[in-house]
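Note sheet for the following structure.
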Amino acid sequence: MTCFSENFITWLDANADQLDRESGDLADQLLERIAEEGVFGLAVPEIYGGQGGSKTEVIAFLSELAQHSLTAAFISWGHRTFIENILASSNDSLKKSWLPDLLTGKLAAGTALSNATKFLSNIEDLNVSIIEKEGKHYLKGRLPWITNLRSDNFAAVFAAQFEDNSKEPIILVIPSGVSGLSRSDDLEFVALQGSNTAALTFNNVPLDDAWILSDDAKGFLAQTRPEFLGYQFGLAFGLAERSLAEVAQSLSSNRSVLKEEYGETRAKLSAVQRDLFKGLESQEFIQTPRQLFQLRIDIVDIVANSLLLELQASGGRGYFKDSASGFIRRWNEGAFLPIVSPSAVQLRHILATV
1405 MTCFSENFIT
1415 WLDANADQLD
1425 RESGDLADQL
1435 LERIAEEGVF
1445 GLAVPEIYGG
1455 QGGSKTEVIA
1465 FLSELAQHSL
1475 TAAFISWGHR
1485 TFIENILASS
1495 NDSLKKSWLP
1505 DLLTGKLAAG
1515 TALSNATKFL
1525 SNIEDLNVSI
1535 IEKEGKHYLK
1545 GRLPWITNLR
1555 SDNFAAVFAA
1565 QFEDNSKEPI
1575 ILVIPSGVSG
1585 LSRSDDLEFV
1595 ALQGSNTAAL
1605 TFNNVPLDDA
1615 WILSDDAKGF
1625 LAQTRPEFLG
1635 YQFGLAFGLA
1645 ERSLAEVAQS
1655 LSSNRSVLKE
1665 EYGETRAKLS
1675 AVQRDLFKGL
1685 ESQEFIQTPR
1695 QLFQLRIDIV
1705 DIVANSLLLE
1715 LQASGGRGYF
1725 KDSASGFIRR
1735 WNEGAFLPIV
1745 SPSAVQLRHI
1755 LATV
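Going by my numbering, the residue at position 209 of the sequence shown is 1613; the numbering climbs one at a time, nothing skipped.
Next up, the structure:
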């Protein structure tokens, strides 16, 4: 079952390479083009303008996008995870005022909670501090990597700690255009250049209490971490599915020697999908995140195996610049998955020390 119209998929296929290589106008159009398909309302309660449904439907639409463009899937992951954080908060005014523009893509949103997730696992300190001057609070620091910061209108969610440790860290959002907030130029990537990924610098940004999603960062992060990490699987699932589909087309030829390895890789992919969906539906990942971390590590290896199989199945024809298969783009996209934060190495570190 497809989540997208044929016209949209045709447009995305025609522009996937440019979105992978370039920032600019086409990249700025991408989020609203995706939003027009109605997918950001999946698993959003109808009372907030969504369509209802399950969290696995979010992973399904991200997976379908990733089969055609990891750039499209990546910005959609950040955007939809931001929506999830708004829904999980007790800040009803933000739900009412921001969700309509989030669902239509008029407001682009980035999720800068990788630093906070690593903070929760005692890997690093938070990058943004809250300082007090003359009885008022200000934000100071830098978030080095946030996706979907479209230059004309964006928001980001992140965690911040009080410099004097007078209170526990908090989760908050910030809209673009506020005093003291600056966005860097787009980061220069090997792939996914059209993802509007940049750094944010906070130079004494006046803190507005209306931006606060939770006064308990650790509790909020533990509650929402399954979706933050779980939705990332959509990127990997789509990339692996597309590569394995390309391999399947060659198995009846002289590439039939790959059939056994193809079957093993597909079985491993299905097992991770099954375990992920079970964990998300039962909410067991909230109390026992170690299994989720291990699944994230496992899926990185599965994608790498899938891409290597695709290369072997395509042979030399897949290595030409003008190849219509899109293999080289997927190869470069696949190299991103081990390092998307929290990275596979960071997760291995957590499992080894916790």
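No residue lacks a Cβ here, since even glycine has one placed at the ideal position from N, Cα and C.
Just so it is clear, the structure is predicted and the values come from calculations on it, not from any experiment.
Do you know how far the Cα of residue j is from the Cα of residue i?
i     : j     : result
I1743 : E1737 : 11 Å
S1458 : E1538 : 47 Å
G1598 : S1747 : 21 Å
K1500 : I1451 : 10 Å
F1697 : L1524 : 13 Å
F1566 : A1516 : 18 Å
F1740 : E1426 : 16 Å
A1614 : L1576 : 9 Å
L1430 : E1488 : 26 Å
A1717 : I1732 : 14 Å
S1494 : W1502 : 14 Å
F1689 : Q1627 : 9 Å
Would you check if the distance between the CB atom of residue i and the CB atom of residue j is smaller than 8 Å?
i     : j     : result
I1535 : I1574 : no
L1446 : I1479 : no
G1584 : N1607 : yes
R1670 : L1639 : no
Y1635 : I1527 : no
I1703 : V1676 : yes
L1699 : L1680 : yes
L1684 : T1521 : no
L1530 : S1473 : no
P1548 : A1513 : no
G1482 : I1438 : no
L1611 : T1601 : no
L1511 : D1505 : yes
Going by DSSP, what residues sit across from residue i in a beta bridge?
i     : result
S1586 : T1605
V1561 : T1515, V1577
K1544 : S1533, N1607
S1618 : I1575
G1456 : L1446
F1566 : I1534
I1550 : A1602
In chain order, what residues of the same chain have a beta carbon less than 8 Å from the beta carbon of residue i, not counting five sequence neighbours either side?
i     : result
W1735 : L1711, L1715
Q1687 : P1630
S1533 : L1543, K1544, G1545, A1564, Q1565, F1566, E1567
S1654 : L1662, A1717, S1718
Leaving out the 5 sequence neighbours to the left and right, which residues in its chain are closer than 7 Å to residue i when beta-carbon positions are compared?
i     : result
T1605 : R1546, S1586
V1707 : A1640, L1643, A1644, G1738, L1741
T1485 : T1515, E1631, F1632, Y1635
What residues in its chain sit with their C-beta under 6 Å from that of residue i, if we drop five residues either side in the sequence?
i     : result
S1745 : S1518
D1417 : H1472
- Message: Ignoring anything shorter than 4 residues, give me the alpha helix (DSSP H) runs that lie fully in the stretch 1476 to 1528, in order along the chain.
- Response: 1496 to 1508, 1518 to 1524
- Message: Which complete alpha helix (DSSP H) runs does the stretch 1618 to 1661 hold, if anything under 4 residues is left out?
- Response: 1621 to 1634, 1637 to 1652
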